[in-house]
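Below is one structure, written out as structure tokens, with a few remarks after it.
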Amino acid sequence: MLQATFKLCAGSSYRHVRNMKGLRHQAVLAIGQELNRRALGGPTPSWWINQVRRRSSLLGSRLEDTLYSDRELAYIHQGEEAMQKALGILSSQEGWKKENQQANGDKVLSKVVPDVGKVFRLEVVVDQPMERLYEELVDRMEAMGEWNPNVKEIKVLQKIGKDTVITHELAAESAGNLVGPRDFVSVRCAKRRGSTCVLAGMATQFGQMPEQKGVIRAEHGPTCMVLHPLAGSPSKTKLTWLLSIDLKGWLPKTIINQVLSQTQVDFANHLRKHLESSPAPEARC
């Protein structure tokens, strides 16, 4: 049985079956099952069985990458790159200037970042546990248009693995029609790092969602939201939102700055109202 299994696994290296992902998966599972059976059948596993078990385990850990196409892997890497860039911007504490300060402590800061442009940083505390925010902002992302008037619709176009999605977002026109309708196609990545959740993204290309008539295709730069329990008050969440957007079109910088900073303040207010008025679903992070 074991010899036949090795032949099955080795066959996956030949060119004509190299892309038969199911074959490779079956081979890895079969090897693991056969090794376990033989190990349990004797007094102690032999050295070579241990060696092959370790190698098959390594092969299994690499199997996940082989299950994605080159295009899907590119999206995954793009999402991770967006996260690294966004966190790098947030980690620098120098050069931030105050754009907006609210009585409840919410504030928006801004700075100009080389090769990125002007970015905005929202810092707020939400009186809800982190898991609840994660549920709303990630797991129920497509429902955001129901409680955030600045968003008409968010649709997940493709899900890749457990951490990466491609989305299409249709933004509402700003008050007074200062900024007309915009839409965004983005790759988004969500990861948990200890007690912190990071939600990052940036503009991407997706052939199945071309530009729409009457709507300007804007672009997110590296952007992210960082969620972590407030020190000393684990039932509350510190939310930091780095926003980087190229709205495209002909817009004065003063209008852009006003609209983007106000959008962040409005987001925090709408999020709080929604969380306070709706029952908490089962949260997971």
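For reference, each letter of the sequence shown is one residue, going 5 to 289 in my numbering.
Positions of the beta carbon are idealized from the N, C-alpha and C atoms, including for glycine.
Under 7 Å between C-beta atoms of residue i and residue j
i: Pro226; j: Ala78; result: no
i: Met213; j: His274; result: no
i: Val269; j: Ala194; result: no
i: Asp168; j: Ile80; result: In the sequence as presented, Asp is not what sits at residue 168; that position holds Thr. The answer is yes: Cβ separation under 7 Å.
i: Ser224; j: Gly211; result: One point to set straight first is that residue 224 is His, not Ser, in the sequence displayed. Contact flag unset, no.
i: Leu113; j: Lys102; result: yes
i: Ile170; j: Val191; result: yes
i: Lys115; j: Gly99; result: yes
Residue i versus residue j: straight-line alpha-carbon distance, rounded
i: Gly109; j: Cys228; result: 20 Å
i: Val183; j: Asp131; result: 32 Å
i: Ile164; j: Lys217; result: 28 Å
i: Ser239; j: Pro233; result: 7 Å
i: Lys242; j: His278; result: 17 Å
i: Leu231; j: Leu255; result: 32 Å
i: Pro196; j: Glu140; result: Correcting the residue type first, residue 196 is Arg in the shown sequence and not Pro. Those two C-alpha atoms are separated by around 15 Å.
i: Gln266; j: Asn104; result: 8 Å
i: Gly236; j: Lys257; result: 40 Å
i: Gln162; j: Ser73; result: 13 Å
i: Ala90; j: Gln106; result: 24 Å
i: Ser199; j: Arg144; result: 20 Å
i: Ser96; j: Val117; result: 10 Å
i: Lys166; j: Ser281; result: 29 Å
i: Lys156; j: Gln82; result: 26 Å
i: Gln88; j: Gln262; result: 27 Å
Residues near residue i by beta carbon distance below 7 Å, same chain, minus five either side
i: Lys159; result: Glu146, Thr171, His172
i: Ile260; result: Leu251
i: Glu84; result: Cys193
i: Glu3; result: No answer is possible for residue 3: the residues shown for the chain start at 5 and end at 289.
i: Ala272; result: Asp110, Leu126, Val128
i: Leu137; result: Val130, Leu231, Thr241, Leu243
i: Leu264; result: Phe124, Leu247, Ile249
i: Arg276; result: Val130
Rounded Cβ spacing between residue i and residue j (contact assumed at less than 8 Å)
i: Leu175; j: Asp187; result: With the sequence shown as reference, residue 175 is identified as Ala, and Leu is not the correct amino acid for it. Sure, about 7 Å apart at Cβ, within 8 Å.
Own chain partners of residue i with C-beta closer than 8 Å, once the 5 adjacent residues on each side are dropped
i: Lys252; result: Arg186, Ile220, Arg221, Ala222, Glu223
i: Pro133; result: Pro233, Pro238, Ser239, Lys240, Thr241, Ala287
Residues of its chain near residue i, where Cβ-Cβ distance is below 6 Å and the 5 sequence neighbours each way are ignored
i: Met148; result: Val155, Ile158
i: Glu215; result: Arg221
Residue i at chain B interface by Cβ criterion, 7 Å
i: Asp187; result: Protein chains in the displayed structure number just one, and chain B is not present.
Between the segment 144 to 156 and the segment 116 to 124, are three or more C-beta pairs nearer than 8 Å? The segment 144 to 156 vs the segment 116 to 124: no contact.
Is there contact between the segment 242 to 249 and the segment 126 to 141, where contact requires at least three CB pairs shorter than 8 Å? Result yes; three or more Cβ-Cβ pairs closer than 8 Å.
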